[in-house]
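J.: Take this structure, written in structure tokens, and hold onto it; I'll ask about it next.
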Amino acid sequence: MRTKIAPSHHAIATLLTDDIISEMTQYLMEDYGYTLEKALDVVYRSKTVELLQIEKGELYVQSPAYVYDMLLQELHLYPVQNDDAVGKVAEDVNQ
């Protein structure tokens, strides 16, 4: 008989965090036409991803759409309205 070992809290948090980062990257690519490289750059340079990666904060239990809305608010892009917002992301990220 095999013993089942449950994944650790850290392993679950890491998996969920990675999934949210992946989804936010995809959303930026779809919403703004970003390349994968640019979308990842925006995500990983954000305060939102810093908060997401703080395991004790448990932001990773929220939906990817919820965390993406936080990212858009951080970048002053919410709601998405026009192509001018694409240039705004680059300005915000480079500051």
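In the numbering used here, the protein residues as written are 3 to 97. Positions of the beta carbon are idealized from the N, C-alpha and C atoms, including for glycine.
I need the straight-line Cα distance from E60 to R4, nearest angstrom please.
T.: Going by the C-alpha atoms only, they are around 32 Å apart.
J.: Between Y29 and the rest of its own chain, which residues show a CB-CB distance below 7 Å, the 5 nearest in sequence each way excluded?
T.: Y70
J.: Is it buried or exposed, Y62, if we count other Cβ atoms within 10 angstroms and call 16 or more buried?
T.: buried
J.: What's the C-alpha gap between K6 and Y36?
T.: K6 and Y36 have their C-alpha atoms roughly 42 Å apart.
J.: In three-state terms, what does DSSP make of P66?
T.: Looking at P66 - three-state DSSP - the assignment turns out to be helix.
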